[in-house]
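Here the protein sequences come in this chain order: A and B.
Note that my numbering gives residue 38 to position 38 of the first sequence, counting from 1, and the numbers run on in steps of one.
Quick note, my numbering runs 384 ahead of the 1-based positions in the second sequence.
Think of the CB as a built atom: it goes at the ideal place given N, C-alpha and C, for glycine as much as any other residue.
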Amino acid sequence: MRKVVTGNYAVSWGAKLARAQVIAAYPITPQTSIIEKLASFCANGEMDARFIKVESEHSAMAACIGASAVGARAFTATSGQGLLLMHEVVHWAAGARLPIVMGVVNRAIAPGWSIWTEQNDTLSQRDTGWIQFYCETNQEVLDTTIQAFKIAEKVFLPAMIVLDAFVLSHTSEAVDIPEQAEVDAFLPPYRPPLKLDPEDPRAFGALVLPGEYMELRYKMQKAMEQALSVAEEVDREWGERFGRSWGLVEPYRLDDAELALVTSGTVTGTSREVVDALREEGVKIGLLKVRLFRPFPHQIIREMLAGVRKVAVIDRNISFGDSGVFAQEVRAALYHADKRPPVFDFVAGLGGRDIVPETIREIVDYTVTHDAPTEEFTWVGVKI
Amino acid sequence: MKKETEARVIVFTSEAEMPMMPASVASTLYNKTGSWRYMRPLYKNQTPPCNAACPAGEDIVMHLQLTAQGRYAEAWETLVRENPFPGVCGRVCPHPCESECNREYLGGAIAIHCQERFLADYAAAHHLSLPTTNVPQREEQIAVIGAGPAGLSCAYHLRRMGYQVTVFEAGEKPGGMMRLIPEYRLPKEVLEREIAAIIALGVEVKTGMRLGVDLALKDLQGYAAVFLAIGQSVSRRLDVPGEDAVGVLHGIDFLARVERGQKVDLGKKVAVIGGGNTAMDAARTARRLGADVTILYRRSRAEMPAIDEEVHETLDEGVKIEFLRAPVAVLTANGRVRGLRLTRIELGAPDASGRRRPVPVAGSEYELEFDTVIPALGQVADLTFLSAEVQTERGRIITDEKTATTRLPIFAGGDAATGFGTVTAAVGSGKRAALAIDSFLRGVERPFPDLAQNVQVAPRPHDPNVVRFEDLNTAYFEEIPRPPQDQRPAAQRVTTFQEVNLGYGEDVALAEARRCFSCGTCNECDNCLIFCPDVAVLRGPSDDEPFVFNYDYCKGCGICVSECPRRAILFAEEIKFNDQ
Numbered sequence: 001m002r003k004v005v006t007g008n009y010a011v012s013w014g015a016k017l018a019r020a021q022v023i024a025a026y027p028i029t030p031q032t033s034i035i036e037k038l039a040s041f042c043a044n045g046e047m048d049a050r051f052i053k054v055e056s057e058h059s060a061m062a063a064c065i066g067a068s069a070v071g072a073r074a075f076t077a078t079s080g081q082g083l084l085l086m087h088e089v090v091h092w093a094a095g096a097r098l099p100i101v102m103g104v105v106n107r108a109i110a111p112g113w114s115i116w117t118e119q120n121d122t123l124s125q126r127d128t129g130w131i132q133f134y135c136e137t138n139q140e141v142l143d144t145t146i147q148a149f150k151i152a153e154k155v156f157l158p159a160m161i162v163l164d165a166f167v168l169s170h171t172s173e174a175v176d177i178p179e180q181a182e183v184d185a186f187l188p189p190y191r192p193p194l195k196l197d198p199e200d201p202r203a204f205g206a207l208v209l210p211g212e213y214m215e216l217r218y219k220m221q222k223a224m225e226q227a228l229s230v231a232e233e234v235d236r237e238w239g240e241r242f243g244r245s246w247g248l249v250e251p252y253r254l255d256d257a258e259l260a261l262v263t264s265g266t267v268t269g270t271s272r273e274v275v276d277a278l279r280e281e282g283v284k285i286g287l288l289k290v291r292l293f294r295p296f297p298h299q300i301i302r303e304m305l306a307g308v309r310k311v312a313v314i315d316r317n318i319s320f321g322d323s324g325v326f327a328q329e330v331r332a333a334l335y336h337a338d339k340r341p342p343v344f345d346f347v348a349g350l351g352g353r354d355i356v357p358e359t360i361r362e363i364v365d366y367t368v369t370h371d372a373p374t375e376e377f378t379w380v381g382v383k384i
Numbered sequence: 385m386k387k388e389t390e391a392r393v394i395v396f397t398s399e400a401e402m403p404m405m406p407a408s409v410a411s412t413l414y415n416k417t418g419s420w421r422y423m424r425p426l427y428k429n430q431t432p433p434c435n436a437a438c439p440a441g442e443d444i445v446m447h448l449q450l451t452a453q454g455r456y457a458e459a460w461e462t463l464v465r466e467n468p469f470p471g472v473c474g475r476v477c478p479h480p481c482e483s484e485c486n487r488e489y490l491g492g493a494i495a496i497h498c499q500e501r502f503l504a505d506y507a508a509a510h511h512l513s514l515p516t517t518n519v520p521q522r523e524e525q526i527a528v529i530g531a532g533p534a535g536l537s538c539a540y541h542l543r544r545m546g547y548q549v550t551v552f553e554a555g556e557k558p559g560g561m562m563r564l565i566p567e568y569r570l571p572k573e574v575l576e577r578e579i580a581a582i583i584a585l586g587v588e589v590k591t592g593m594r595l596g597v598d599l600a601l602k603d604l605q606g607y608a609a610v611f612l613a614i615g616q617s618v619s620r621r622l623d624v625p626g627e628d629a630v631g632v633l634h635g636i637d638f639l640a641r642v643e644r645g646q647k648v649d650l651g652k653k654v655a656v657i658g659g660g661n662t663a664m665d666a667a668r669t670a671r672r673l674g675a676d677v678t679i680l681y682r683r684s685r686a687e688m689p690a691i692d693e694e695v696h697e698t699l700d701e702g703v704k705i706e707f708l709r710a711p712v713a714v715l716t717a718n719g720r721v722r723g724l725r726l727t728r729i730e731l732g733a734p735d736a737s738g739r740r741r742p743v744p745v746a747g748s749e750y751e752l753e754f755d756t757v758i759p760a761l762g763q764v765a766d767l768t769f770l771s772a773e774v775q776t777e778r779g780r781i782i783t784d785e786k787t788a789t790t791r792l793p794i795f796a797g798g799d800a801a802t803g804f805g806t807v808t809a810a811v812g813s814g815k816r817a818a819l820a821i822d823s824f825l826r827g828v829e830r831p832f833p834d835l836a837q838n839v840q841v842a843p844r845p846h847d848p849n850v851v852r853f854e855d856l857n858t859a860y861f862e863e864i865p866r867p868p869q870d871q872r873p874a875a876q877r878v879t880t881f882q883e884v885n886l887g888y889g890e891d892v893a894l895a896e897a898r899r900c901f902s903c904g905t906c907n908e909c910d911n912c913l914i915f916c917p918d919v920a921v922l923r924g925p926s927d928d929e930p931f932v933f934n935y936d937y938c939k940g941c942g943i944c945v946s947e948c949p950r951r952a953i954l955f956a957e958e959i960k961f962n963d964q
């Protein structure tokens, strides 16, 4: 069934088709319509799930943790400040190895108060042990939401589906909504290996002494590493069943490219247009979209970028005192490569400022006209 | 004490042996975390303010709960267990319960009187019989004097306890003052039905037997106990010149004549003197008989003792009310009323009743023409037939909180003893007497609160603490407006004696019952069960005990207490309990 839906509704449809059993959420712009839709699915009986209204995002995640611990498939969604308020239990969900799935609409952090897109909210959860996907289109949002449950439940780590505020969350596109039976065949019910049972209570998440703690962290890292291959395999299976797959990263006209743009989220779509236009003009440019950010696919990125002469990363985020976060990761991934192209980093579009084709052309011009970056990153479009 | 679980120490030699998250391998049930508790939650229903305020001692919250579940027959049974006159009280009670209702702050008090009426009408429509009690029959014969609400209530409750009861009534028919309530407020059919249901239980009613005339106290010596419920039948006089002229007709006499279907010639202009319910009844009845009616009241609107709705309805029907007026003389011509000389009044310092004392304004007198003057200043009891052994004080029979007079086994209640002046209070008084007579005859002790409080035949276990609005967790309640009751339009009302208030239909009654907070009374909302972080709230063994605490694991966090929307859980310091 094809339907015109917003990015947010694509998340809701994903959670519905994945048969989430517990949804605990607190509304926040620009996430609200995700949970409104889910609440109405629950209310009108289209979805057999318990919708728990909570008083904060911290409680939302705490409720998901409880639900997941007893073996329910749990889902929540949030954005910006809400995600930050949730932070303590975001760690807990991962440490407790609970395959909760969360839709996060990227929203810039206050102050100054903002509701527009920027990646700092989700990137500040980088080290929590959550799998993170950054999506470009509404179809990708829906598909990734369902895939995320399968990946999470195979490696016992929670997963975030990230989408840009408004540019994706509130923009409608035609989306293929798979049949429930096909999704059921793809995603079997969740069967936890360890389940909280009030009839036979166990201490969950109790004190661990220094003699054992590190082993638990080792196991989390192993699960993250495993998630790379699982994500690839799940995406392949998805492709076989539904005729679409997305890859962990997606190269675009990169084969003979001398200059590679590295993008994430909706900037990718705009960048594709610019790449096409520049190719017409004879510029040997390509693009690498990073879809899976955690675990970071170092090896694939290294292989894909090793051949290019220059890399330009577009970061809709900033790690204050350093550079954009994606650039840090790309540089680190390339460090062990035999041939290391210079990595230019461009911080652009913070607080929802538009990144338009001209912005990307400016980035390309700068990269073309400089042999190597003269500083850690370059501000784009700042009125200095 | 044997340990429930052996402690096990597992030494891991590699990460592969470890679970992916820290979880105990054995049950944690051995760890009785209840020992950490220093505050203890207790399921203990509190007193809802409506129940506390009901003069008849009804379990209002419980009948609302049952109505809310659509269990109308059970709701009605709960109601009539305490009050055999729900159809009457649902129509004429001034409903002090509603004045205390905590819903007032979120949409308006629950229309309890409409609920009561709905249940009574439901029972009538479904031909429900008063529930039987299945108690052994008792030998003792009890005499009840007066078949008003107090006497019939007493007879009803005594009969339910198995006693043989004879009611002696001075009038031609049982009902007492209830019979004088006009048809448009209380259809006779409703009254007759509820009286007949009591008689059907085996209560004997002998009419035309006036104590002191047809019957003397000493004739009742064969009875194990006597309950005096003789009411207040003597009208208070105006004490002004001309009072005995033709055309002066006291309120209850006027209402009685209309009730008996006798023709009353009122003329055109009628003055009703007084501000109570009898004054309203007289004025509205006169209005329906075609008169131009003016009520003269010596105080202001705020001091009027009549039920507020009654005053509104009276005004709506075109009756005029003049405040701060008092008659100085009845003006006569040829021994017949031609008008009133009135004085203006100012309100002075509060008197014994707490209301401001009316003081005539010197030189303010004036005259108005009237064809009929109806004083409705209240009544007093006729106590002339009583022997000195039954002591009286200021026109009332002296009783203690057990309704015992100074001469046992004579008991007394209703208006003649209490002067409370409402059907509902009389019903409560009669019930108190029934319980007291039973205690007296069987020689058992039972607690009786003072006369200002109510008594119940079948009290549920509850704490005397009355729940107030601030005790509730109002996060759980939305503001929902009280539905209006349908009324016949005023223009139509003044041409007929058909009932003014039309009550609630089932849909409205159901919604209205669901609006009840159920103050202090568990209605199994499951909040405590859901919120308890220690799974220490368990479902209980029966409906009477819907939940129990597992104190082995209750840490005393108090979340159940604060999340109980209706304050049905108490929280007490653990040090007060010695059972562990």
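### Message
If the cut-off is 9 Å on Cβ atoms, which residues from the segment 135 to 157 of chain A count as contacting chain B, listed in chain order?
### Response
PHE156
### Query
In chain order, what residues of the same chain lie with their CB nearer than 8 Å to the CB of B:LEU673, ignoring the 5 residues before and after it?
VAL642, VAL648, LEU650
### Query
Which residues in chain A sit within 8 Å of B:THR412, going by Cβ to Cβ distance?
PRO201, ARG202, ALA203
### Query
Which of helix, strand or coil does DSSP assign to B:PHE707?
For B:PHE707, the secondary structure class from DSSP, reduced to helix, strand or coil, is strand.
### Query
Which residues bound the alpha helix (DSSP H) around A:TYR366?
That run of the alpha helix (DSSP H) goes 357 to 369.
### Task
Identify whether B:PHE638 lies in helix, strand or coil by the three-state DSSP scheme.
helix
### Query
What number of angstroms, rounded off, separates the C-alpha of A:LEU287 from the C-alpha of A:GLU199?
Straight-line measurement puts the Cα of A:GLU199 at about 55 Å from the Cα of A:LEU287.
### Message
So, for A:VAL290: in the same chain, excluding its five sequence neighbours on each side, which residues have a beta-carbon less than 6 Å away from its beta-carbon?
### Response
VAL249, SER264
#### Entry: C-alpha distance - B:ARG739 paired with B:ILE705, whole-angstrom precision
Cα to Cα, B:ARG739 sits roughly 19 Å from B:ILE705.
### Task
Measure the Cβ-Cβ separation of B:PHE638 and B:ILE758 and say whether it is below 8 Å.
yes
### Task
Within the same chain, show all residues whose beta-carbon is closer than 7 Å to that of B:GLU461, passing over the 5 residues directly before and after it, in chain order.
PRO515
### Task
Determine the contact status of B:CYS903 and B:VAL851, defining contact as a CB-CB distance below 8 Å.
Going by C-beta atoms, B:CYS903 is nearer than 8 Å to B:VAL851.
### Query
Helix, strand or coil for B:PRO470 per DSSP?
helix
### Message
Give me the subset of the segment 394 to 423 of chain B whose CB atoms are less than 7 Å from a CB atom of chain A, sorted by chain position.
### Response
If the cut-off is 7 Å between Cβ atoms, the segment 394 to 423 of chain B has PHE396, GLU399, MET402, PRO403, MET404, MET405, PRO406, ALA407, SER408, SER411, THR412, LEU413 near chain A.
### Message
Assuming contact is defined by CB atoms lying nearer than 8 Å, are A:SER169 and A:ASN317 in contact in what I supplied?
### Response
no
### Task
Report the residue from B:MET593, B:PRO468, B:ALA666, B:CYS948 whose alpha carbon sits nearest the alpha carbon of B:ALA580.
B:PRO468
### Task
Taking B:PRO406 and B:VAL945 to be in contact with their CB atoms under 8 Å, please state how far apart those CB atoms are, rounded to whole angstroms.
The pair is not a contact, with the Cβ atoms about 32 Å apart (cut-off 8 Å).
### Task
Look at A:ALA94 and A:PRO158 and say whether their C-beta atoms are less than 8 Å apart.
Yes, Cβ-Cβ distance for A:ALA94 and A:PRO158 is below 8 Å.
### Query
Based on the DSSP output, what are the partners of A:TRP379 in its beta bridges?
According to DSSP, which records beta bridges pairwise, A:TRP379 is partnered with A:VAL347.
### Message
Can you tell me which residues form a DSSP beta bridge with B:PHE861?
### Response
According to DSSP, which records beta bridges pairwise, B:PHE861 is partnered with nothing at all.
### Local conformation of B:GLN430 per DSSP, three classes
coil
### Nearest-angstrom beta carbon gap, B:PRO571 and B:GLU883 [assumed within contact, 8 Å]
The Cβ separation is near 6 Å, so the contact holds.
### Query
By the criterion of Cβ-Cβ separation under 8 Å, what are the contact partners of A:LYS219 in chain B?
GLU399, MET402, MET404
### Task
Flag this pair as yes or no: are the beta carbons of B:PRO558 and B:VAL551 separated by less than 8 Å?
Yes, the Cβ-Cβ distance between B:PRO558 and B:VAL551 is below 8 Å.
### Message
As an exercise, report each continuous beta strand (DSSP E) stretch of at least 3 residues that is fully enclosed by the segment 25 to 85 of chain A, in chain order.
### Response
50 to 53, 74 to 79
#### Entry: Beta-carbon gap between A:GLU215 and B:MET402 smaller than 8 Å
yes
### Task
May I ask you to report which of helix, strand or coil DSSP gives A:GLN139?
helix
### Query
What does B:VAL919 reach in chain A if we use C-beta pairs closer than 8 Å?
PRO198, PRO201
### Query
Straight-line CA distance for B:CYS434 to B:HIS497?
11 Å
### Query
If you draw a straight line from the C-alpha of B:GLY491 to the C-alpha of B:PRO480, how long is it?
18 Å
### Query
Pick from B:GLY659, B:GLY887, B:LEU770: whose alpha carbon is nearest that of B:ARG791?
B:LEU770
### Task
Could you tell me the distance, in whole angstroms, from the CA atom of B:CYS909 to the CA atom of A:LEU196?
25 Å
### Query
Name the DSSP beta bridge partners of A:TYR134, please?
Bridge partners of A:TYR134: A:VAL162.
### Query
Under a Cβ-count criterion, where at least 16 other Cβ atoms within 10 Å of its own Cβ denotes burial, should B:GLN964 be classed as buried or exposed?
A caution first: B:GLN964 carries a pLDDT of 49, below 50, which makes its placement in the model too unreliable to give a value.
### Query
From B:GLU553, B:PRO566, B:ASP834, B:VAL395, pick the residue whose C-alpha is nearest to that of A:GLY211; which is it?
B:VAL395
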